[in-house]
Amino acid sequence: MSDSEYNPEDTGPVGRRRRELPAVPPARPRPAQPQHHPTTELDLGRGFPPVTNETSEIDLSGGWPEHLKVPPRPAAAQPSTGRVLGVDVGTVRVGLALSDLTGTLASPLETLRRAKDRGDLDRLAALVVEHEVTEVVVGEPVHLSGASGASAQDAADYAQELADRIPDVPVILIDERLSTVTAASHLRESGIDSRKQRPVIDQAAAVVILQQFLDSRRPRT
């Protein structure tokens, strides 16, 4: 081998110096190119092709991938607020009760005397506006057997007439077959003679009707 073919001074790891060569920069990572997935026609004449359910691991160390959308959390249901009006319809008087803004507690409000000119309904509609009532609950005095009689029909007709006067406020009929008895019992326990205080017992019956309705809507714990 001649000197022209091999010279340890010019090249090789054993020589005392190396040939000066230009530095080679490290290779840069190529930017990811978008991948296009062409659509393919499937022949379903022989049935649906088998589907495999495979899970894939996603590396979230660098943050959430932009192509994965996170569905928004559903908004928490807000408790309904507003006063509810309870109505006990009698042949002579109409007892009224009103709830607090949270719909928790019913309190006696007023007793109306029924009038041939329907002035009591006009007063009732005015109270709905005055107290910003959001719902009206009318007691339907059905029999203990569950059958409806003349009193129940009268209450239903009264509720319909009221609903015609306040179309933006729902009017609800609920069973109140024992409201008057319960109200009289409560008054006796409080030392009040219900026979001498008919307007009071009408309001107390409306309180029973309304409180039962409010309790039925309260979530059980």
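For the sequence shown, the UniProt record's numbering gives the first residue as 1, with consecutive numbering after it. Beta carbons: idealized from backbone N, C-alpha and C, even for Gly.
For residue 211, same chain residues with a beta-carbon under 7 Å away, outside a window of 5 residues either side, are 106 in chain order. Between residue 87 and residue 96, the CB-CB gap stays under 8 Å. It is roughly 12 Å from the alpha-carbon of residue 216 to the alpha-carbon of residue 175.
Secondary structure at residue 57: coil, using DSSP grouped into helix, strand and coil. Take residue 128, set aside five residues on each side of it, and the residues of its chain with a beta-carbon closer than 8 Å to its own are 85, 136, 166 and 169, in chain order.
If the five residues before and after residue 111 are omitted, its C-beta is found closer than 6 Å to the C-beta atoms of 93, 95, 199, 202 and 203, all from its own chain and listed in chain order.
Short of 8 Å from the beta carbon of residue 161, and not among the five residues preceding or following it, lie these beta carbons of its own chain, in chain order: 118 and 121. Around the beta carbon of residue 115, fewer than 16 other beta carbons lie within 10 angstroms, which makes this residue exposed. Residue range 150-165 is occupied by the alpha helix (DSSP H) that includes residue 163. Of the residues 164, 90 and 134, the one whose Cα lies closest to the Cα of residue 100 is 134. Taking all protein chains in view, the Cβ of residue 149 is surrounded by fewer than 16 other Cβ atoms within 10 Å, so the residue is classified as exposed. Rounded to whole angstroms, the Cβ separation of residue 109 and residue 98 is 4 Å, and the two are in contact under 8 Å.
Judged by their CB atoms, residue 142 and residue 156 are not nearer to each other than the 8 Å cut-off.
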